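Just so you know, we're using my numbering here: the sequence shown kicks off at 119 and counts up by one. The beta-carbon is built from N, C-alpha and C at its ideal position, and this holds for glycine as well. Quantities reported herein were computed from a predicted structural model and do not represent experimental measurements.
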Amino acid sequence: MPKKVNKIKPVRRNTGRIIGRSTRRITRRSTRRITRRSTRKNTIQKLKDYNSRIKRIFNHKCYVTFLTGCYSYDWEYRHWKKTEIGSCCCSRREQFFHVFLIISFLLSVILLFVWVETSNEYFSFDWVVYLGTGYWLFWSIFLLSFAAVMVAYTSLLLILGSLLLWERIELYLHTCHKILIMIMITLCTFILSVICIFWKDKWLIAGLSLQIFAPVVQPISIIVMVILSWPLAMYVSCLEREVIKRRRKITPYEKARLRRCNIFTRLRALQIVAGLPFFLILLCLYAMPLGVYSPCIQEKEELGPKPVFFAHRGAPMAGPENTVMAFEKAVEQGAYGLETDIHVSFDHVPYLMHDYDLRRTTNIKEVLPEDAFKHPALFTWDFLKTLNAGKWFIKPERRPFFNMGPISEADKKRASNQSIPQLTDLLEIAKKEQKFLIFDLFGPPPKHPLRNTFVREVVRVILDSKIAQHLIFWLPSHDRAYVKYMAPGFQHVGRFLSIEDLAKENINIINVDYKKLFYSGLRDYKAANININLYVVNEPWLYSLAWCSRINSVTTDNIPLLSQLNHPQFFMSPTKYLFIWLFTDIVSAVFIIAIFFYCCEIHPAKGREARTFFSEGCEDNHSEVIVLETSAMSEGKPIRQKLHYGLLFPSIVPRL
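Structure (structure tokens):
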């Protein structure tokens, strides 16, 4: 039989399965490689994020430590307990002192505003303090600096407190700050009380300044409100997000509890308390031009001529007051007229002197100290002419004005040789330069030989000088009938009298204090064609106000500064002012609405994509729990996913 050959049956191989397995192996290997690479990249990126987060936390720690150190004198960093949004930010005691902090800020701002606006009166204030203390010092500048420091200090505390509130750290004001705040309130109250009692006219100056500065104050105030609207909008938006978050987390038990104490009502109340005053102030600023009157808002064709200058005691910034040098300097500066003060010596010689003693402007303390407080009219001219009236001027500590320019060596030498001049010396200068002359004539004290006839002696001296009578502006009211009879060519000047009294005396010129005139009678005097001279005007804004009010002349200490003005400050036409007003209001309203829309609509919308809440121990280097709230499109209910990260891969989702 033939042998059976064993046929080898071909093995059927599942080629597709083999290929599939191979493909899966390759795919798994590739996936592992890709995963390793991506994991390595993610690890590197997370390490970079971790390092940047360390830097950010470190900087934030320094920032918070700086805030708490300045506010509470606590320079050691620790994990501050965060206050709940809508809850009280501090204890009752701290709330009490925070109210005092706000009061001290307001008082210091009022004091600074009043004192800045009364800069025209600084010399008068220093002179009054000198009469009381006997020491010449720039007390006005000292008080100005003191008020500025108080405003800066209280503003800094308020800013620090606001930043701590933004960080949700409980406020604790250090005891030193509390003591200083109480001292500042006491000092501000005392100073403002003294101003109200003894210098009521200082408040009138502040009111006058608003007439000239109001067209500028309104736009600046609105710009400040626009800047403040940003943190306010952020705060209101934060409160709104807190309301939404609490409504989503509320439970049935909490609903019953909230009926007794509704946290939502408190949050809404905070929004109203923060936003309502802001918008009320903003509306008042928008409507402010409706109640503002400024004489510098007029057509250019209606503007009167520039007021001329009477040199107050000569040029007291260039030479010793009431000396020949001072009056010659005033003539060089282009003065229209010269103003001075006259006393009559015991031996019937009229001379130039302002004070009621010789301490401030002469060397009487060195020559005859026991008579330093004696009335100057009780000295004879033989003694008065020996006194030096200029050495005090060149001493740095005795400078009469803080804003004086430097004095040349030649002027210093000339000033140191000045003496008290007679009235005849001034008459010679006025006659030679054809300058008008106006003066105050002080009556002598009792037991003076010319107690009742001093006016006639002065008139005799003036007539003997042969000066043109129309150059004399006669201001003294005593024995005016005799003056009119003896010198009919004198131009008689009245004080702050009624128009009827001026008409009876046939007077068409008045010399008045600017503080009184602008509040009563200015329009009536101008309607009666009465020429007005104001004293003492040293500030450009005050001179601009006089110019816009069609004042004829001013008495000033600072002719060089005022003569540089070619037009009044803040002068504008009504049309231009209306355009600035409407443009500022409209643009600011658009900016504020845009800021609130961004903070309350766009900014929260970004936060809804991922809301982050940290566990209590996340700042103690423990693992952090991140709760991501997303919206399930299918169920319409929030799904909470807890993702735990270790120390190596901290969360980079921003804190809400």
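Beta-carbon separation of residue i and residue j under 9 Å?
i           : j           : result
residue 563 : residue 472 : no
residue 517 : residue 437 : no
residue 88  : residue 570 : Summary: the structure shown does not reach residue 88, with the chain confined to residues 119 through 774, and so no result is reported for it.
residue 394 : residue 360 : no
residue 593 : residue 626 : no
residue 232 : residue 324 : yes
residue 179 : residue 189 : no
residue 261 : residue 309 : yes
residue 677 : residue 648 : no
residue 93  : residue 484 : Because residue 93 is not part of the residues shown, which for the chain are 119 to 774, the question remains open.
residue 299 : residue 275 : yes
residue 659 : residue 243 : no
Determine the direct distance from the alpha carbon of residue j to that of residue i, and round the result to whole angstroms.
i           : j           : result
residue 270 : residue 230 : 11 Å
residue 235 : residue 256 : 17 Å
residue 655 : residue 356 : 53 Å
residue 661 : residue 327 : 11 Å
residue 334 : residue 340 : 10 Å
residue 670 : residue 651 : 6 Å
residue 590 : residue 440 : 17 Å
residue 568 : residue 599 : 18 Å
residue 612 : residue 634 : 14 Å
residue 407 : residue 220 : 28 Å
residue 241 : residue 312 : 18 Å
residue 303 : residue 215 : 12 Å
residue 419 : residue 404 : 29 Å
residue 538 : residue 469 : 7 Å
residue 322 : residue 177 : 51 Å
residue 296 : residue 267 : 16 Å
residue 604 : residue 576 : 12 Å
residue 640 : residue 496 : 40 Å
residue 530 : residue 675 : 19 Å
residue 614 : residue 620 : 9 Å
residue 491 : residue 252 : 11 Å
residue 645 : residue 482 : 49 Å
residue 265 : residue 703 : 32 Å
residue 284 : residue 397 : 21 Å
residue 465 : residue 421 : 50 Å
residue 499 : residue 337 : 59 Å
residue 389 : residue 682 : 52 Å
residue 586 : residue 462 : 22 Å
residue 245 : residue 657 : 18 Å
residue 400 : residue 391 : 15 Å
residue 559 : residue 238 : 24 Å
What are the partner residues of residue i, as DSSP defines its beta bridges?
i           : result
residue 557 : 458
residue 785 : Since the displayed the chain opens at 119 and closes at 774, residue 785 lies outside it and no answer follows.
residue 631 : 653
residue 592 : 610
residue 810 : There is no way to answer for residue 810, as the model of the chain reaches only from 119 to 774.
Per DSSP, what kind of secondary structure is residue i in: helix, strand or coil?
i           : result
residue 763 : Because residue 763 carries a pLDDT of 36, less than 50, the predicted location of this residue cannot be relied on, and no value is offered for it.
residue 612 : strand
residue 690 : strand
residue 337 : helix
residue 413 : coil
residue 434 : coil
residue 287 : strand
residue 259 : helix
residue 540 : strand
residue 637 : coil
residue 404 : helix
residue 626 : coil
residue 506 : strand
residue 490 : coil
residue 179 : helix
residue 587 : helix
residue 233 : helix
residue 582 : helix
residue 669 : coil
residue 268 : helix
Does the CB of residue i have a neighbour CB from chain D at under 9 Å?
i           : result
residue 621 : In the displayed structure, chain D is absent; only one protein chain is listed.
Just checking, does the stretch 440–449 make contact with the stretch 545–554 on the three C-beta pairs under 8 Å criterion? These segments touch.
The stretch 514–529 touching the stretch 408–425, judged by at least three CB pairs closer than 8 Å: Result no; under three Cβ-Cβ pairs closer than 8 Å.
Sufficient close CB pairs (3 or more, under 8 Å) joining the stretch 474–492 to the stretch 694–702: Two segments are said to touch when three or more pairs of C-beta atoms, one from each, lie closer than 8 Å; by this definition the stretch 474–492 does not touch the stretch 694–702.
Would the stretch 408–416 and the stretch 663–677 be scored as touching if the rule is three or more Cβ pairs under 8 Å? Yes, since at least three Cβ pairs between the stretch 408–416 and the stretch 663–677 fall closer than 8 Å, the two stretches touch.
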